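Respectively, the protein sequence lines represent chains A and B. Under my numbering, the first residue of the first sequence is numbered 1, with each subsequent residue one higher. Under my numbering, the first residue of the second sequence is numbered 166, with each subsequent residue one higher.
Protein chains: 2
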Amino acid sequence: MTVTDELIAANTRYRDSFTKGDLPLPPARQVAVLACMDARLDPAQVLGLAEGDAHVIRNAGGVASDDAIRSLTISQRLLGTRSIVVVHHTDCGMETFSDDQLKASIVAETGQRPAFAFEAFPDARADVVQTIRRIQTSPFIPHTDDVRGFVYDVRTGSLEEVFAS
Amino acid sequence: MTVTDELIAANTRYRDSFTKGDLPLPPARQVAVLACMDARLDPAQVLGLAEGDAHVIRNAGGVASDDAIRSLTISQRLLGTRSIVVVHHTDCGMETFSDDQLKASIVAETGQRPAFAFEAFPDARADVVQTIRRIQTSPFIPHTDDVRGFVYDVRTGSLEEVFAS
Numbered sequence: 001m002t003v004t005d006e007l008i009a010a011n012t013r014y015r016d017s018f019t020k021g022d023l024p025l026p027p028a029r030q031v032a033v034l035a036c037m038d039a040r041l042d043p044a045q046v047l048g049l050a051e052g053d054a055h056v057i058r059n060a061g062g063v064a065s066d067d068a069i070r071s072l073t074i075s076q077r078l079l080g081t082r083s084i085v086v087v088h089h090t091d092c093g094m095e096t097f098s099d100d101q102l103k104a105s106i107v108a109e110t111g112q113r114p115a116f117a118f119e120a121f122p123d124a125r126a127d128v129v130q131t132i133r134r135i136q137t138s139p140f141i142p143h144t145d146d147v148r149g150f151v152y153d154v155r156t157g158s159l160e161e162v163f164a165s
Numbered sequence: 166m167t168v169t170d171e172l173i174a175a176n177t178r179y180r181d182s183f184t185k186g187d188l189p190l191p192p193a194r195q196v197a198v199l200a201c202m203d204a205r206l207d208p209a210q211v212l213g214l215a216e217g218d219a220h221v222i223r224n225a226g227g228v229a230s231d232d233a234i235r236s237l238t239i240s241q242r243l244l245g246t247r248s249i250v251v252v253h254h255t256d257c258g259m260e261t262f263s264d265d266q267l268k269a270s271i272v273a274e275t276g277q278r279p280a281f282a283f284e285a286f287p288d289a290r291a292d293v294v295q296t297i298r299r300i301q302t303s304p305f306i307p308h309t310d311d312v313r314g315f316v317y318d319v320r321t322g323s324l325e326e327v328f329a330s
């Protein structure tokens, strides 16, 4: 039995007690969360979000990549969200390497250099500010007056606010 | 009190009962989930994932954008994941518009055309297959022998498998 088989089995249990089949498509609380993909960070639990409440966008680092800008644009323009919450965290994998280092190891193994940035960063607090600047200066995201940024502490479960627009 | 203030208050409650401060950085179950940002889809609950189990990457549609490829590359090469689970869902916002239409409305409002694709798609099942093809043909993702794709039914809470590598 693979891990994916185990996830399918878990879904059977979820489905059997499922009661939320009538939620509307637009997020009820009109908020989009942009967070790191880290396994220890569960945005729904950390922020008290129920199904239907919020868009949750996640990638390595929780950075405002073009793809995160794309997702936030769709979230606001088509699905009515108005607030943005950025969540980075302590002990992040993005602090453990550099783009140059990872690209060199990939070139050595595959003979090909990725044409994109890996977005490694040395400091999660500083990168929250970078992330929010990219959001605020995007010409495509209409609502940037309520954008707030946090670092989640994986040791204590608590959020520290580091930036508010 | 804004919605973000409410999320901070919810975090205080989470923090006060937090017991998972000693989890390691690499995901325990060596799996990365790529899912849509949709508010009704909570990957942790749908798939039975606890904190520490899995990387969760999310964007509009759950597509294999360059940024998702970036995140999966980091997940496998630096943090030891081996399996990938793709989750799209029924009643997806990505089925409600076209790239041309959204770009035209943004140009009309801002005078500027986004230089990236919005990745709208007409059919979630077909797009799961597209997403997995992009993952499997990426030269940077080393482990593509266990990639499986699902459509989550937001009305019933159940997963339908549509593709396995």
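Note that CB positions come from ideal geometry on N, CA and C, so glycine has one too. Just so it is clear, the structure is predicted and the values come from calculations on it, not from any experiment.
Original post:
Of all the options A:T110, A:V63, A:A68 and A:V85, which has the alpha carbon lying nearest to the alpha carbon of M94 (chain A)?
Top reply: Counted from its first residue, the first sequence places residue 94 (chain A) at position 94. When each option's Cα is compared against that of M94 (chain A), the closest is A:V63.
Original post:
Is the region 108 to 119 of chain A in contact with the region 38 to 53 of chain A, if contact means three or more CB pairs nearer than 8 Å?
Top reply: no
Original post:
What do you get for M1 (chain A), buried or exposed, if any count of 16 or more other CB atoms within 10 angstroms of its CB means buried?
Top reply: Counting from 1 along the first sequence, the entry for residue 1 (chain A) is found at position 1. Under this definition M1 (chain A) is an exposed residue.
Original post:
From what residue to what residue does the beta strand (DSSP E) around L34 (chain A) run?
Top reply: Looking up residue 34 (chain A) in the first sequence gives position 34. Per DSSP, L34 (chain A) belongs to the beta strand (DSSP E) from V31 to C36.
Subject >> Buried versus exposed call for V272 (chain B) [16 or more other C-beta atoms within 10 Å across all chains shown] >> reply: By 1-based counting over the second sequence, the position of residue 272 (chain B) is 107. With fewer than 16 other Cβ atoms within 10 Å, it is exposed.
Original post:
What number of angstroms, rounded off, separates the C-alpha of A124 (chain A) from the C-alpha of S105 (chain A)?
Top reply: Counting from 1 along the first sequence, the entry for residue 124 (chain A) is found at position 124. Counting from 1 along the first sequence, the entry for residue 105 (chain A) is found at position 105. About 24 Å.
**OP:** Could you tell me how far apart the beta carbons of V85 (chain A) and H55 (chain A) are, in whole angstroms, since I believe they sit closer than 8 Å?
**Re:** Locating residue 85 (chain A) in the first sequence gives position 85, where the first residue counts as 1. Locating residue 55 (chain A) in the first sequence gives position 55, where the first residue counts as 1. Actually they are not in contact, since the Cβ atoms of V85 (chain A) and H55 (chain A) sit about 10 Å apart, beyond 8 Å.
Subject >> N- and C-terminal bounds of the alpha helix (DSSP H) containing L116 (chain B) >> reply: Residue coverage of chain B in this structure runs from 166 to 330, which leaves residue 116 (chain B) outside it and unanswerable.
**OP:** Mind checking which residues open and close the beta strand (DSSP E) that includes A44 (chain A)?
**Re:** Here residue 44 (chain A) refers to the residue found at position 44 of the first sequence. No beta strand (DSSP E) holds A44 (chain A); the alpha helix (DSSP H) holding it covers P43 to L47.
**OP:** Could you confirm whether any beta carbon from chain B is found closer than 9 Å to the beta carbon of R133 (chain A)?
**Re:** Here residue 133 (chain A) is taken as the residue at index 133 of the first sequence, counted from 1. Cβ-Cβ to chain B under 9 Å: no for R133 (chain A).
**OP:** May I ask you to list, following chain order, the residues of the region 12 to 30 of chain A that have a beta carbon less than 9 Å from some beta carbon of chain B?
**Re:** T12, R13, Y14, R15, D16, S17, F18, T19, K20, G21, D22, L23, P24, L25, P26, P27, A28, R29 and Q30
Original post:
Is P192 (chain B) buried or exposed, if buried means 16 or more other CB atoms sit within 10 Å of its CB?
Top reply: Taking the first residue of the second sequence as 1, we reach residue 192 (chain B) at position 27. Buried is the call here.
**OP:** Please confirm if M166 (chain B) has its CB atom under 9 Å from at least one CB of chain A.
**Re:** Within the second sequence, the letter at position 1 stands for residue 166 (chain B). With 9 Å as the cut-off, M166 (chain B) does not count as an interface residue toward chain A.
Subject >> Pick from B:T302, B:G217, B:R298 and B:V316 that is closest to T184 (chain B), judged by C-alpha positions >> reply: Here the question's residue 184 (chain B) lines up with position 19 in the second sequence. It is B:G217 whose Cα lies nearest to the Cα of T184 (chain B).
Original post:
Taking a cut of 9 Å between CB atoms, which residues from the region 87 to 110 of chain A lie near chain B?
Top reply: D91, C92, G93, M94, T96, F97, L102, S105, I106, E109 and T110
Subject >> CB of V147 (chain A) within 9 Å of CB of S158 (chain A), strictly >> reply: In the first sequence, counting from the first residue as 1, residue 147 (chain A) sits at position 147. In the first sequence, counting from the first residue as 1, residue 158 (chain A) sits at position 158. No, Cβ-Cβ distance for V147 (chain A) and S158 (chain A) is not below 9 Å.
Subject >> Within chain A, the residues that Q277 (chain B) reaches when beta carbons sit closer than 9 Å >> reply: Looking up residue 277 (chain B) in the second sequence gives position 112. Counting only Cβ-Cβ distances below 9 Å, Q277 (chain B) has contacts in chain A at P139 and F140, in chain order.
Original post:
Which chain A residues are close to D288 (chain B), counting only those with a beta carbon under 8 Å from its beta carbon?
Top reply: Here residue 288 (chain B) is taken as the residue at index 123 of the second sequence, counted from 1. Those do not exist, as D288 (chain B) stays about 17 Å from chain A at its closest Cβ, beyond 8 Å.
Subject >> CA-to-CA distance, Q101 (chain A) to T110 (chain A), given in whole angstroms >> reply: Counting from 1 along the first sequence, the entry for residue 110 (chain A) is found at position 110. Counting from 1 along the first sequence, the entry for residue 101 (chain A) is found at position 101. Looking at the backbone, the Cα of T110 (chain A) and that of Q101 (chain A) are separated by about 14 Å.
Original post:
Given that a residue counts as buried once 16 or more other Cβ atoms are within 10 Å of its Cβ, and exposed if not, what is V161 (chain A)?
Top reply: Against the first sequence, residue 161 (chain A) aligns to sequence position 161. The amino acid occupying residue 161 (chain A) in the given sequence is Glu; Val does not appear at that position. Label assigned to E161 (chain A): exposed.
Original post:
Based on the DSSP output, what are the partners of H220 (chain B) in its beta bridges?
Top reply: The residue labelled residue 220 (chain B) in the question sits at position 55 within the second sequence. In the DSSP assignment, the residues bridged to H220 (chain B) are B:A197.
Subject >> Beta-carbon separation (whole angstroms), H88 (chain A) vs V128 (chain A), contact threshold 8 Å >> reply: Working through the first sequence from its first residue, we reach residue 88 (chain A) at position 88. Working through the first sequence from its first residue, we reach residue 128 (chain A) at position 128. So it is a contact: roughly 5 Å between Cβ atoms.
Original post:
Relative to the alpha-carbon of S83 (chain A), which residue among A:D38, A:R13 and A:L72 has its alpha-carbon at the smallest distance?
Top reply: Taking the first residue of the first sequence as 1, we reach residue 83 (chain A) at position 83. Checked all of A:D38, A:R13 and A:L72; the closest Cα to S83 (chain A) is A:L72.
Original post:
T137 (chain A): buried (16+ other C-beta within 10 angstroms of its C-beta) or exposed?
Top reply: Position 137 of the first sequence, counted from the start, is the residue given in the question as residue 137 (chain A). When all chains shown are included, T137 (chain A) counts as exposed.
Original post:
Taking the continuous alpha helix (DSSP H) assigned at L243 (chain B), which residues delimit it?
Top reply: Position 78 of the second sequence, counting from 1, holds the residue named residue 243 (chain B). L243 (chain B) -> alpha helix (DSSP H) spans D231 to L244.
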